[in-house]
Amino acid sequence: MSWSRILVLLVGIVLILGLLLWFLDSLSRLYFRISFTSPLLGNLFLLLLIVLLVALIATLIYYSILFQRPGQRSERPLPQAPEQKTEAAEESLKAIRQQVAQIQDEVARQALIDRALEIEESLSRRELRVVVFGTGSAGKTSIVNAVIGRIVGQVGAPMGTTVAGETYRFQLKGLEREIFITDTPGILEAGVIGTERERLARQLATEADLLLFVLDNDFRKSEYEPLRTLAEIGKRSLIVFNKIDLYTEADREEILARLRQRVQRFIDPSDVVAVAARPQPVLVENGELFQPTPEILPLLRRMAAILRVEGEDLIADNILLQSQRLGEEARQLIDAQRLQQAEKIVDRFQWIGAGVISVTPLPVIDLLATAAINAQMVVEIGKVYGCEINLDRGRELAISLAKTLAGLGIVRGAVELFSITL
Numbered sequence: 001m002s003w004s005r006i007l008v009l010l011v012g013i014v015l016i017l018g019l020l021l022w023f024l025d026s027l028s029r030l031y032f033r034i035s036f037t038s039p040l041l042g043n044l045f046l047l048l049l050i051v052l053l054v055a056l057i058a059t060l061i062y063y064s065i066l067f068q069r070p071g072q073r074s075e076r077p078l079p080q081a082p083e084q085k086t087e088a089a090e091e092s093l094k095a096i097r098q099q100v101a102q103i104q105d106e107v108a109r110q111a112l113i114d115r116a117l118e119i120e121e122s123l124s125r126r127e128l129r130v131v132v133f134g135t136g137s138a139g140k141t142s143i144v145n146a147v148i149g150r151i152v153g154q155v156g157a158p159m160g161t162t163v164a165g166e167t168y169r170f171q172l173k174g175l176e177r178e179i180f181i182t183d184t185p186g187i188l189e190a191g192v193i194g195t196e197r198e199r200l201a202r203q204l205a206t207e208a209d210l211l212l213f214v215l216d217n218d219f220r221k222s223e224y225e226p227l228r229t230l231a232e233i234g235k236r237s238l239i240v241f242n243k244i245d246l247y248t249e250a251d252r253e254e255i256l257a258r259l260r261q262r263v264q265r266f267i268d269p270s271d272v273v274a275v276a277a278r279p280q281p282v283l284v285e286n287g288e289l290f291q292p293t294p295e296i297l298p299l300l301r302r303m304a305a306i307l308r309v310e311g312e313d314l315i316a317d318n319i320l321l322q323s324q325r326l327g328e329e330a331r332q333l334i335d336a337q338r339l340q341q342a343e344k345i346v347d348r349f350q351w352i353g354a355g356v357i358s359v360t361p362l363p364v365i366d367l368l369a370t371a372a373i374n375a376q377m378v379v380e381i382g383k384v385y386g387c388e389i390n391l392d393r394g395r396e397l398a399i400s401l402a403k404t405l406a407g408l409g410i411v412r413g414a415v416e417l418f419s420i421t422l
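Using this note's numbering, the letters of the sequence shown map in sequence onto residues 1 to 422.
Structure follows, in structure tokens:
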């Protein structure tokens with residue numbers, strides 16, 4: 001122990017002993033004055049002092065035994081990590097149900113329960129959801145048309161005409177699950193309506209098992225940022241470079257190389273494919289217009305490979321992602337709820353602490369009682385936040401608080417003494 005700490009300890013002991021001597025001297029003077037006036041009142045006062053002293057000694061012994069009693073630690077089995085992503089998704093949903101059960105607001109709890117049920121149903125569904133995402137002019141509807149092999153929308157429609165969340169189904173050979181492909185509204189559309197449609201498109205994109213991000217040229221910053229955000233949260237994505245029939249072979253390869261280079265941190269280069277979903281008509285020698293066949297095979301091959309190999313994992317990953325978002329909302333509600341409960345506990349123990357200090361004039365006893373009250377307060381706050389604080393930790397906390405309070409009292413007393421001296 002350093003000399004400074006020893007000196008502080010000695011000064012504190014001297015101050016405490018001085019206060020005790022002053023207190024005893026004051027009591028003795030008061031007793032003699034009362035006895036001089038009325039011996040009976042003096043005896044009653046002495047009896048009251050003895051009872052108070054016995055109570056203080058009993059309190060001191062009780063807390064000393066309490067602090068010295070060894071606590072029992074509850075041994076919890078370590079949770080086993082799920083081996084399969086599907087199992088992890090199921091465990092995540094169980095954890096969400098436990099979180100939601102803690103929410104006291106009935107309206108918020110029921111809303112989260114409904115969303116959790118929707119996520120659970122999507123885990124058991126026999127389908128894969130593919131969402132086509134991009135600007136209104138990139139040719140998303142043409143991509144959908146070419147993929148399913150029939151006209152499903154207004155091909156070549158101006159920006160803002162795609163119905164929000166148009167969904168079509170098709171079957172892929174060798175895959176048991178049905179595939180649902182959704183044509184979303186275009187992003188970066190003007191006006192309030194365009195902003196709302198973009199919000200809906202982003203929501204559909206976050207709920208997709210597989211995302212097709214359609215471009216008709218190199219990335220604009222406004223296109224790159226949403227793609228990076230979706231990829232960073234774990235959304236499986238394919239980059240579809242559409243309208244390659246409008247470019248020369250050299251320009252096409254250059255744009256493809258730039259796209260792969262810009263997304264290489266979060267998307268594999270093999271997941272960047274080039275297509276011409278609806279090639280422009282070509283004027284032939286006899287003066288007639290010839291409509292070339294859509295060049296969609298690279299996209300179909302890559303989609304088929306991903307859905308066949310990763311289909312189950314894609315669904316599980318999507319469930320985990322949605323569960324994570326729902327769990328975050330539940331945690332925010334629970335944190336706000338716990339904060340209110342903790343503030344009530346702090347207020348209650350502040351009043352209790354003030355009452356204890358007012359009825360215990362002895363410095364050592366009031367510090368011990370305050371430490372015990374503060375320790376109990378922290379134990380109750382720990383219960384609110386789901387933390388188990390056993391007796392050992394409570395004892396350590398109480399002793400630490402007592403030392404801190406004693407140190408603060410000594411420093412304050414020393415400062416006051418120096419102020420008076422100066």
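Cβ coordinates follow ideal geometry from the N, Cα and C atoms, glycine included. Owing to the predicted nature of the structure, the values given are computational and were not obtained by experimental measurement.
Whole-number beta carbon distance between D209 and K140, since they are thought to touch under 8 Å
Rounded, the Cβ-Cβ distance is 17 Å, inconsistent with contact.
Which whole-angstrom value is the C-beta distance of A274 and L289, which I expect to be below 8 Å?
Contact doesn't hold; Cβ gap of about 24 Å is too wide.
Using the Cβ count rule (16 or more neighbours within 10 Å means buried), how would you classify T135?
buried
Continuous alpha helix (DSSP H) stretch holding S237: start and end
Segment 237-241 is the beta strand (DSSP E) holding S237; no alpha helix (DSSP H) there.
What span of residues does the beta strand (DSSP E) with R252 cover, start to end?
Looking at the DSSP string, R252 is not in any beta strand (DSSP E); the run it does join, the alpha helix (DSSP H), is 249-263.
Quick one: what does DSSP say F219 is sitting in, helix, strand or coil?
coil
C-beta atoms of L321 and I233 nearer than 8 Å
yes
Per-residue DSSP class, three states only, for G134
strand
Taking only three categories from DSSP, how would you classify V214?
strand
Give me the residue from L15, Y247, I179 with the minimum Cα distance to E312.
I179
Among R331, V346, A375, M377, the one whose alpha carbon lies nearest that of R109
R331
Grab me the residues of V100's own chain with a C-beta within less than 7 Å of its C-beta, minus the 5 sequence neighbours each way, in chain order.
R109, L112, I113, A116, A330
Quick check on S28: buried or exposed, where buried means 16 or more other Cβ atoms within 10 Å of its Cβ?
exposed
Would you give the residue range spanned by the alpha helix (DSSP H) that T141 belongs to?
140-148
Ignore the nearest five residues each way along the sequence and tell me which others in I148's own chain have a CB closer than 6 Å to its CB.
Y168, F170
Classify A95 as buried or exposed, calling it buried when 16 or more other Cβ atoms lie within 10 Å of its own Cβ.
exposed
Contacting residues, own chain, Cβ-Cβ under 6 Å from L48 (five flanking each side not counted)
none
Can you grab the Cα-Cα spacing for the pair Q341 / R262, in whole Å?
49 Å
Just how far apart, CA to CA, sit R244 and I143?
A small fix is needed here, since residue 244 is Ile in this sequence, not Arg. Rounded to the nearest angstrom, the two C-alpha atoms are 13 Å apart.
With DSSP run on the structure shown, which of helix, strand or coil describes F266?
coil
E207 burial status per 10 Å Cβ neighbour count (16 or more: buried):
buried
Helix, strand or coil at L175 [DSSP, three-state]
coil
Which whole-angstrom value is the C-beta distance of L172 and A304, which I expect to be below 8 Å?
6 Å
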